[in-house]
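Shown next, in structure tokens, is the structure this report addresses.
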Amino acid sequence: MKNRLPSPYGTLINREKPIQFEFESKTYNGFQGDTIASALTANNQTLLSRSFKYHRPRGALTMAGQDANTMVQLPSNPNALADRELISEGLKVTGQNYSGSLEKDRGQWLGLFSRFLPVGFYYKAFFKPRGIWEKWAPLIRKKAGLGVIDQQLVPDYYDKQYKFFDVVIVGGGPAGMQAAIESAVEDCEILLVDENPSLGGSLNYSRFDVEGTRGKNQLNELLDAINAKPNISVMTNAVCNGWFADNWLPIVTKRRLYKVRAKQTIMCTGSLEQPAIFHNNDLPGVMMSSAAQRLVHLYGVSPGSQAVIVTGNNDGYGTALDLDDAGIKINVIVDLRDEPIYDDIAKAAVARGIRIETGTTVYAAHSKGANHVAAAEIRKIVSQGICAMQGEVITCDLLCMSVGYTPTYQLACQAGGQLTYDDQSAMFSLQNCPQSLQLAGSVNSLWSLDAVLLESKRAAMIATNALEFTNEKVTDRVTENTLSPNHPWPIFAHPKGKEFIDFDEDLTIADIINATGDGYEHIQLVKRYSTCGMGPSQGRHSALAAARLVAAATNRTVAETGVTTARPPFSAEQLGHSAGRSFYPARRSNMHYRHLEAGAEMLQAGAWYRPAFYHFNNNDRQTCINKEVSNVRDNVGLVDVSTLGGIEVRGADASEFLNRFYTFGFLKQPVGKARYALLTNEAGVVIDDGVACRFGNNHYYVTATTGGVDRVYQNMLKWNAQWRLDVDIANVTSAYCGVNIAGPNARAVLQKVCSDVDLSAKAFPYMGVRLGNVGEIPARLIRVGFVGELGYEIHVPQQYGEALWDALMSAGNEHNIQPFGIEAQRILRLEKGHIIIGQDTDAMSNPNEVQMGWAVSRTKPFFVGGRTIAELEKKPSLRCLVGFVIDDSKVPMPQESHLVVDNEQMTGRVTSCNFSPTLGKAIGLAYVPPQKSDAGSVIEIKSLGGVRVLAKVVNLPFFDPDNARQEL
Amino acid sequence: MTTLDPSKGIRRSQLYRRHINNSAVFKQMGAHFIVSHYDNGNSEQIQARSMAICDLSTLPRTGFKGAGAPKWAESQGLKLPNSANMAAIQPNGCLVAKLSDQELLILSDIFSESPQVATLTKKSTQDHAENDTQTYFLPRGDSHCWLAVTGDQAAEMFSKVCGVDLRPHKFGLGHIAQTSVAKTNAIVIRQDLGQTLSYFILCDISATEFLWDCLLDAMQEYAGSPVGIRALEQLVASQ
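Heads up: the protein sequence lines correspond to chains A and X, in order. With our numbering, the residue at position 756 of the first sequence is 756, and numbering never jumps. The number in our numbering is simply the position in the second sequence, starting from 1, with 1000 added.
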């Protein structure tokens, strides 16, 4: 490897474990611990990707995963960050967003047409003349996007886990480490989180003293202290990706999302180095100073052989010392400041005889035709943003930038902190963070290591005081006597443009200024119009420069201009982090496996699994369903109704309660009888139905719909909280399994297993209820007629369900009893004209509209919705739910929600429609205008494919109008 | 030893097929079948100390609610916890869980065939019918499944499916959380077995298989697996 530095450089790599991998089909060597970017740089391969719009060559900018210049394609993972992703044996990596080859991307010629692609051009182009968009769209779609998704991918297992801590410290640099140590008093539980593979942050690569040893010594000291505290948990390679209410922090690792609850947080998230803005500042080889330092110290890679350093602070001089120590020639330090005030580190760099040019900037980087920086053109600064007409071209293959920082403000702002800008120091700072959130380190605008460590102690003290682990007097905020590291204007326009503000979106100085010129002056509008800050790095390196340019262009201060809102996630998350491990509760009846064994096709109704129909002899679906229907009409069938809601209403006021709650009358309901229970809300709208079974003077068992029972139960509790009747209400839906055995032979079958109840029609008439036993199984028996046949609903305690099914199927064997499913049940009930709440009713259906006026008491003093229904009855109905038949078997059968039309006017809609095997024709229910509601009326339905179908309105029910069969 | 087949009983746990497929050996406790152990060669006692789950759904349990429920329960000799969301072990091994000021859950002793639950159920209905004790029976034996999760990894496992901090130093003995576990409503009761961290978890019985699968999935990371009641007895006996 050409650019490898000897040990002890490379603290993250293991030279004992060499690794081979591929990039763009070429084999490279690296070491365990290398990222793709560091290993490639070690092999002199600095071109990693092509930019979004102009397909410009791009390489590492931060070496910290903070920019999108390093996005590469992995076999099953697009847009991976090469400066984060570790190499592994045999890994195949390719570049992204190129045509032809990464080296000679045909797309780079787009750069020549940049004047035709100004900011916001896509709002102004592509749609004129009319119809042209259809031509552009496929081309744009082909060019858009970066990486490629593997559509055959079998996702890895991702999951989530909750964690609970007293204090969570985000950022494991010196500030975070010190804060963790100071917070770990008594048994205070601390979590220290850092996105890097190891703790230390800048201690691992930055220069804190002339000798270059303080960082390592301080790191070891802090690590020893942390290791000595068992109540500090450390997570590395973990990103705190947002801040949500009450210190709920999502922390993302490779395959797990930790949902962390913290009582107090301390943000030690550091700061983000900012780029200088000059012509070609995006070339591979042009990088942040800290990126160069990371390559040298963490990966043992020399980022170049001849460096130019452009700086607006003393940190650039520290970089110079580091590079010089590593054997890299520093051709010049270009200091933007006219009269820099040097600290000891800067003086040491001066003392080494490195050439320094003050009051000077890099005006342009040149590649000389290659995909890498080859020279830097430096010029004197004449005034803000303006350079002299002439300059000097300096050869280099490395150009480091150190012109300032922004605090990593995102999480603090999500927590409510506010970003302000100080013109004096040319820096953003955070204010007004909530009381449960402290700041420490450079995120809090402190730069010297001593000040940072002191401030961290203070932040920890505030946190532990708040948690009452300590009761210390909090010292004043730490101040320091260091210069601001931010240069106020490191932005230099060039006649050829290409001075990039936003690397992700290929936005230059002119783009931002032109956005304001187009009338978008607010920073939020500049963002949306130009897309500045909308790329993968989310404005990390563009927010400050954009704010400065917009402020200058609109005659405002940077403080007035501000930055755009920082929203979670802080960094990119895999879809798997959100999606896995998800829970979709599945509810099953105790008879579930009997359905499967009988060949059921299951369907999901909410969380419940229910049999739709039972496969039979390889017949198609409809044939199977029709057979089930006919079997119930002619013989006896068994359906699992365990999902139906069941509510116990018990107490001295039970009947009074039901009387107020439902529309019907219940005070005089005899024990041993069931009564239809229709529920309306206060607006008089039908919202549920069931039967109320009176098993005792003070005991009702009320059924409700599968999907509505929870709402019914909540409504009952709500109303009784007001009425305060002497009644107990218990939702026992899951406690009971139920079946409906229905058909002319139902009684005969049941009699074989139920000997303690007289099942005769006289002793147990229609709508009667009884307590008895089916074999040894205690049972509630209810004679109901939902399907319009002689039938018994049998409700038993849940764990008896399978045994009940077995007993009835066995007893029914001689009658060839067959199970039937939901689809057959829906047809059977439709043949009887019984409505399904929520399908045949909507948010406006009152009882009279749906032919349920008979279920409404007109003599009760009160029931929920009664007043509204009474008012509605004074006016004519606007629509009616009617039954219809279609005699023509050749027309396409309408489906639910197909429109009832009158010429081209919509006058109603179909709510249910199915083929009736009993009647041999299609039947259904539909809302129609009142004038079309009489039997014999003809209505027109717009059916499948727009075909108009004529249907005839008929009286309900369609079958057995005298209800003789269900009352057998 | 006669092989017991739970499919022959009239009360059947929703999990019995899974137990059979996992080579379960059943034992009868009163009218109920419960897994004694799994015949798969694993040392279930060691498993139960580390990370295990046991299906107790066929064991007796009952519930009462109403303004008179606490007073009536005390009149039956039950010692109630002082506050809601606490559980108390009774001298006969039953567990009384106070879910609210007016709602009690009674779990039978998991190791013996106590008739107390059945007796209480019958008496409550009778007393209320005769004297209006304002005590209403809740069919907990059929509305909820009952699982035991044991082992020193149990709290860590739960944190993958539950947002409540169930770590032993935060969720003490006898504490109750009525919360969401794997997106389903559940009652979690800390009830150590011997020296081993243990929890009872009850959820809607129709979601038994769902919850069982979710917990097995969550405990896979900790090498967890099902055990029978015999392993739980060994935990208590070894203290």
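Cβ coordinates follow ideal geometry from the N, Cα and C atoms, glycine included.
Check: Mind checking whether A/Met287 and A/Ala60 have CB atoms under 8 Å apart?
Finding: Translated into the one-based positions of the first sequence, residue 287 of chain A becomes position 287. Translated into the one-based positions of the first sequence, residue 60 of chain A becomes position 60. Yes.
| Are the C-beta atoms of A/Ala701 and some chain X residue less than 8 Å apart? | For the purposes of this step, residue 701 of chain A is identified with residue 701 of the first sequence, where counting begins at 1. Reading off the sequence, residue 701 of chain A comes out as Tyr, not Ala. Not an interface residue.
Just how far apart, CA to CA, sit A/Trp489 and A/Leu446?
Indexing the first sequence from 1 puts residue 489 of chain A at position 489. Indexing the first sequence from 1 puts residue 446 of chain A at position 446. Distance from the CA atom of A/Trp489 to the CA atom of A/Leu446, rounded to whole angstroms, is 21 Å.
| request: With a 10 Å radius around its C-beta and 16 neighbouring C-beta atoms as the bar for buried, classify A/Pro303 as buried or exposed. | output: Here residue 303 of chain A corresponds to residue number 303 of the first sequence, with the count starting at 1. Its Cβ being crowded by 16 or more others within 10 Å, A/Pro303 is buried.
request  = Could you confirm whether any beta carbon from chain X is found closer than 8 Å to the beta carbon of A/Glu597?
outcome  = Within the first sequence, numbered from 1, the residue matching residue 597 of chain A stands at position 597. Using a CB distance cut-off of 8 Å, A/Glu597 does not count as an interface residue toward chain X.
For this session: Count the other C-beta atoms from every protein chain shown that fall within 10 angstroms of the C-beta of A/Tyr736, then say buried if there are 16 or more, exposed otherwise.
Result: For this step, residue 736 of chain A is matched to residue 736 along the first sequence. Counting the other Cβ atoms within 10 Å of the Cβ of A/Tyr736 gives 16 or more, which makes it buried.
| message | Just checking: is the beta-carbon of A/Gln799 within a distance shorter than 8 Å of some beta-carbon in chain X? | response | By 1-based counting over the first sequence, the position of residue 799 of chain A is 799. Closer than 8 Å: yes.
**Prompt:** How do the segment 140-147 of chain A and the segment 414-431 of chain A stand: do at least 3 beta-carbon pairs fall below 8 Å, yes or no?
**Reply:** Contact between the segment 140-147 of chain A and the segment 414-431 of chain A is absent, with fewer than three C-beta pairs closer than 8 Å.
Examine chain A for any beta-carbon lying closer than 8 Å to the beta-carbon of X/Tyr1136, and answer yes or no.
Counting from 1 along the second sequence, the entry for residue 1136 of chain X is found at position 136. Interface flag for X/Tyr1136 against chain A is set, since a Cβ pair is found closer than 8 Å.
- prompt: First and last residue of the alpha helix (DSSP H) that includes X/Met1157?
  reply: For the purposes of this step, residue 1157 of chain X is taken as residue 157 along the second sequence, with counting starting at 1. Counting along the chain, the alpha helix (DSSP H) containing X/Met1157 begins and ends at Ala1154 to Phe1158.
TODO: Return the CA-CA distance between A/Asp83 and A/Gly517, expressed in angstroms with no decimal places.
DONE: By 1-based counting over the first sequence, the position of residue 83 of chain A is 83. By 1-based counting over the first sequence, the position of residue 517 of chain A is 517. Their Cα atoms are separated by approximately 37 Å.
Runs of beta strand (DSSP E) wholly within the segment 667-755 of chain A (minimum 3 residues, chain order): The segment 667-755 of chain A contains these whole beta strand (DSSP E) runs: 674-680, 686-696, 699-704, 728-731 and 736-742.
- prompt: Using 8 Å as the threshold, is the segment 673-691 of chain A in touch with the segment 649-665 of chain A, meaning 3 or more CB pairs across them?
  reply: The segment 673-691 of chain A vs the segment 649-665 of chain A: in contact.
Show which residues of chain A have a CB atom less than 9 Å away from the CB atom of X/Phe1210.
The residue you call residue 1210 of chain X lines up with position 210 of the second sequence. The contacting residues are Phe583, Tyr584, Pro585, Ala586, Arg587, Arg588 and Ala607.
Worksheet entry | Three-pair Cβ contact test at 8 Å for the segment 346-356 of chain A versus the segment 310-328 of chain A | Counting Cβ pairs under 8 Å, three or more are found: they touch.
_Does X/His1032 pass the burial test, meaning 16 or more other C-beta atoms within 10 Å, or should it be called exposed?_
For the purposes of this step, residue 1032 of chain X is identified with residue 32 of the second sequence, where counting begins at 1. Per the 10 Å Cβ criterion, buried.
**Asked** Hey, how far is the Cα of A/Lys216 from the Cα of X/Gly1228?
**Response** Working through the first sequence from its first residue, we reach residue 216 of chain A at position 216. Working through the second sequence from its first residue, we reach residue 1228 of chain X at position 228. Going from the Cα of A/Lys216 to the Cα of X/Gly1228 covers about 55 Å.
**Message:** Taking the alpha-carbon of A/Pro778 as reference, which of A/Ile328, A/Leu658, A/Val796 and A/Glu186 has the nearest alpha-carbon?
**Reply:** Numbered from its first residue, the first sequence carries residue 778 of chain A at position 778. Shortest Cα-Cα distance from A/Pro778 to any of A/Ile328, A/Leu658, A/Val796 and A/Glu186 involves A/Val796.
Requested in this report: Decide yes or no for the touch test of the segment 1156-1171 of chain X against the segment 1212-1226 of chain X: beta carbon pairs closer than 8 Å, at least 3 of them.
Outcome: With the rule of 3 Cβ pairs closer than 8 Å, the segment 1156-1171 of chain X counts as touching the segment 1212-1226 of chain X.
A/Gln574 (DSSP reduced to helix, strand or coil) = Residue numbering aside, residue 574 of chain A sits at position 574 when the first sequence is read from its first letter. DSSP places A/Gln574 in coil when its eight states are reduced to three.
- Item | Helix, strand or coil at X/Asp1213 according to DSSP, with G and I counted as helix | Stepping through the second sequence from its first residue, residue 1213 of chain X is reached at position 213. Helix at X/Asp1213.
Practice prompt. In the DSSP assignment, find the unbroken beta strand (DSSP E) run with A/Arg780 in it and report its ends.
Written response: As a first step, residue 780 of chain A is located in the first sequence; it is residue number 780 there, counting from the start. Note, A/Arg780: beta strand (DSSP E), Ile777 to Ile782.
Check your understanding: Per the contact definition of three or more C-beta pairs closer than 8 Å, is the segment 1012-1019 of chain X in contact with the segment 929-936 of chain A?
Key -> Taking one beta carbon from each stretch, the segment 929-936 of chain A and the segment 1012-1019 of chain X have fewer than 3 pairs nearer than 8 Å; the two do not touch.
- So, is the C-beta of X/Ile1187 closer than 8 Å to a C-beta in chain A? Start at 1 with the first residue of the second sequence, and residue 1187 of chain X comes out as number 187. It does not: the Cβ of X/Ile1187 has no partner Cβ on chain A nearer than 8 Å.
Discussion item. For chain A, check one thing: does any of its Cβ atoms lie closer than 8 Å to the Cβ of X/Ala1223?
Written reply: As a working note, residue 1223 of chain X is residue 223 in the second sequence. With 8 Å as the cut-off, X/Ala1223 does not count as an interface residue toward chain A.
Notebook entry, point to check: Can you list, in chain order, the residues of the segment 1060-1072 of chain X whose Cβ is nearer than 7 Å to any Cβ on chain A?
Noted result: Hits within the stretch, in order: Lys1065 and Gly1066.
- Item | Status (buried if at least 16 other CB within 10 Å, exposed otherwise) for A/Pro930 | Counting from one through the first sequence, the residue named residue 930 of chain A turns up at place 930. It is exposed - the Cβ of A/Pro930 has fewer than 16 other Cβ atoms within 10 Å.
Using a Cβ-Cβ cutoff of 8 Å, what residues of the segment 146-174 of chain A are near chain X? List them in chain order. Flagged, chain order: Asp159, Lys160, Gln161, Tyr162, Lys163 and Phe164.
Under a Cβ-count criterion, where at least 16 other Cβ atoms within 10 Å of its own Cβ denotes burial, should X/Gln1153 be classed as buried or exposed? Walking along the second sequence from the start, residue 1153 of chain X turns up at place 153. So X/Gln1153 counts as buried.
key: Beta carbon of A/Leu759 nearer than 8 Å to that of A/Leu750   = Position 759 of the first sequence, counting from 1, holds the residue named residue 759 of chain A. Position 750 of the first sequence, counting from 1, holds the residue named residue 750 of chain A. Yes, they are a contact pair.
Requested in this report: Can you give me the Cβ contacts of A/Arg352 inside the same chain, cut-off strictly under 7 Å, excluding the 5 residues immediately before and after it?
Outcome: One-based indexing of the first sequence puts residue 352 of chain A at position 352. Around A/Arg352: Asp324.
In the structure shown, what three-state DSSP assignment does X/Thr1150 receive? Position 150 of the second sequence holds residue 1150 of chain X. Annotated three-state conformation of X/Thr1150 is strand, per DSSP.
Chain A residues whose Cβ lies nearer than 9 Å to that of X/Gly1163: By one-based count along the second sequence, residue 1163 of chain X stands at place 163. Near X/Gly1163 (Cβ distances below 9 Å), the residues of chain A are Tyr162, Lys259 and Arg261.
I want to see whether chain X comes within less than 8 Å of A/Glu776, judged by CB atoms only; does it? One-based indexing of the first sequence puts residue 776 of chain A at position 776. True, the Cβ-Cβ gap to chain X drops below 8 Å.
Nearest to A/Asp166 by CA position, among A/Gln839, A/Ala807 and A/Ser183, is which residue? What you label residue 166 of chain A is simply residue 166 of the first sequence in a count that begins at 1. Of the candidates A/Gln839, A/Ala807 and A/Ser183, the one whose C-alpha sits nearest the C-alpha of A/Asp166 is A/Ser183.
Practice item. Give the single residue among A/Ala855, A/Gly924, A/Pro894 and A/Ala811 whose Cα lies nearest to the Cα of A/Leu828. Key: Here residue 828 of chain A corresponds to residue number 828 of the first sequence, with the count starting at 1. Out of A/Ala855, A/Gly924, A/Pro894 and A/Ala811, A/Gly924 has the C-alpha closest to the C-alpha of A/Leu828.
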